[in-house]
Amino acid sequence: MKFSIIIPNWNGERLLKKNLPAVFQSQAKEVIVVDNGSKDGSVALLEILQNKYSQLKVILNQKNLGFAKAVNQGVKIAKNEIVVLLNNDVVPEADFLKPLVKDFEDEKIFAVSLNEPQWSWAKGKWIKGFVEHEVGPKTKKPHLSFWASGGSAAFRRSIWLKLGGLDEIFAPFYWEDIDLSYRAWKRGFKVLWEPQSVVHHQHESTIGSQFSQRYVDLISQRNQLLFIWKNITNLKMRSVHKIFLWKKLLTHPGYFKPFGAALSRVFLITPRWFKESREQEVSDREIFKKFN
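By my numbering, the letter at position 176 of the sequence shown is numbered 195, and the numbering carries on one by one without gaps.
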């Protein structure tokens, strides 16, 4: 089984210099770095590395197109069926790809989230009309996961392309990987967490260094709403969401800001919701029951 590794980058010269050597030591046949208009020395560094490592391919964007767009570009040109997404602040262990071979023997497996030691598989929950997620208890064997992290996970490219990849409505970041995983679940595919595929996430990400915490929180809350409005097709669950959404707005006036930001994109959500309604094979309740 052959792998393509895809790494989005924005002003991450220091991280690329620090972490790419470990990536090249893996058994990946192809490493694709998608640069989102970096203004530091990232591009010059990548030119040097291309002369040294034949498996390195580089996509250069003139401006920052956001996480989803950059990753979709990388997946589109990837030559191999299994694509591995790594943030530029993730360091993989040398043999991290090996356990994935067995996982992907099951044709129903869409994605496998890698083992960042401080985390585990993701448990999805429906609480008072909102989708929440939390870390499940560690296991020694692969475990079903509500979603596969866009920062450290492997995906089956053919299914990725059928699903349309990461939805750019969530730009610039957050919830797009949860959305993609959920859409796969609804079409009868599965997502795993693999404890033997170990990577170390240094959490020196671009988001934390380039954006204020207030902005990050706003985008996260907005995208949580977009996820619910787009993906939850069960009418009773949608009714419960509306009730608790209004309660939240009445008791937390500050929530009007992310609500308004999400509402401004509702015209983009409607056709997506109809598409999910038509193509789903597994109900919302069935998915959440898997993680009770």
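In this text, a Cβ means the ideal position worked out from N, Cα and C, and glycines have one as well.
Fewer than three Cβ pairs drawn from the segment 254 to 270 and the segment 287 to 298 lie within less than 8 Å of each other, which leaves the two stretches out of contact. Here Gly-60 has Glu-32 as same chain residues with Cβ atoms under 7 Å from its own Cβ, once five neighbours each way along the sequence are excluded. In the three-state DSSP reduction, His-162 falls in the strand class (E or B). In this structure the segment 208 to 215 does not touch the segment 96 to 108; the number of beta carbon pairs closer than 8 Å is below three. Spatial neighbours of Met-20 in its own chain (CB-CB distance under 7 Å, excluding positions within 5 residues in sequence) are listed in chain order as Ile-101, Val-120 and Phe-123. Here the segment 50 to 66 makes contact with the segment 84 to 94; the two share three or more CB pairs at distances below 8 Å. For Gly-273, the secondary structure class from DSSP, reduced to helix, strand or coil, is helix.
With contacts defined as CB atoms closer than 7 Å, Ala-130 and Phe-174 qualify as a contacting pair. Look at the segment 90 to 172 and you find these whole runs of alpha helix (DSSP H), each 4 residues long or longer: 117 to 122. Ala-47 is not a Cβ neighbour of Ile-25, given a cutoff of 7 Å. Comparing alpha carbon positions, the residue from Gly-169, Ile-197, Arg-202 and Glu-195 closest to Lys-181 is Arg-202. Here Tyr-193 is buried. Its C-beta has 16 or more other C-beta atoms within 10 Å. When only Cα atoms are considered, His-162 and Leu-211 end up about 5 Å apart. Residue burial is scored here from C-beta neighbours: Ala-97 has at least 16 other C-beta atoms within 10 angstroms and is therefore classed as buried. Going by beta carbons, Ser-139 and Ala-167 fall outside the 7 Å limit. One thing to note: Pro-27 has its Cβ no nearer than 7 Å to the Cβ of Phe-115. The closest CA to that of Gly-207, considering only Val-154, Val-301 and Val-285, is found on Val-301.
DSSP, read as helix, strand or coil, puts Gln-221 in coil. In this structure, Asn-30 sits away from Val-110, with a CB-CB distance that is not shorter than 7 Å. Contact between Leu-64 and Lys-82 fails: their C-beta atoms lie close to 19 Å from each other, not under 8 Å.
Only residues of its own chain outside the window of five on either side were considered, and among them Ala-87, Val-90, Asn-91, Glu-195 and Leu-199 have a CB closer than 6 Å to the CB of Leu-185, listed in chain order. Here Gly-273 is exposed: its Cβ has fewer than 16 other Cβ atoms, across all protein chains shown, within 10 Å.
Between Gln-221 and the set Val-77, Glu-135, Asn-311 and Leu-68, the nearest pair of CA atoms involves Glu-135. With a 10 Å radius around the Cβ and a threshold of 16 neighbouring Cβ atoms, His-271 comes out exposed. In the three-state reduction of the DSSP assignment, Glu-300 falls in the coil class.
Between Tyr-72 and Phe-307, the alpha-carbon positions lie close to 44 Å from each other. With a cutoff of 7 Å on beta-carbon distance, Leu-244 and Ala-281 are scored as near each other. Val-154 counts as exposed, since fewer than 16 other C-beta atoms from the protein chains shown sit within 10 angstroms of its C-beta.
Out of Ser-231, Lys-266 and Ser-283, the CA that lies nearest to the CA of Trp-248 is found in Ser-283.
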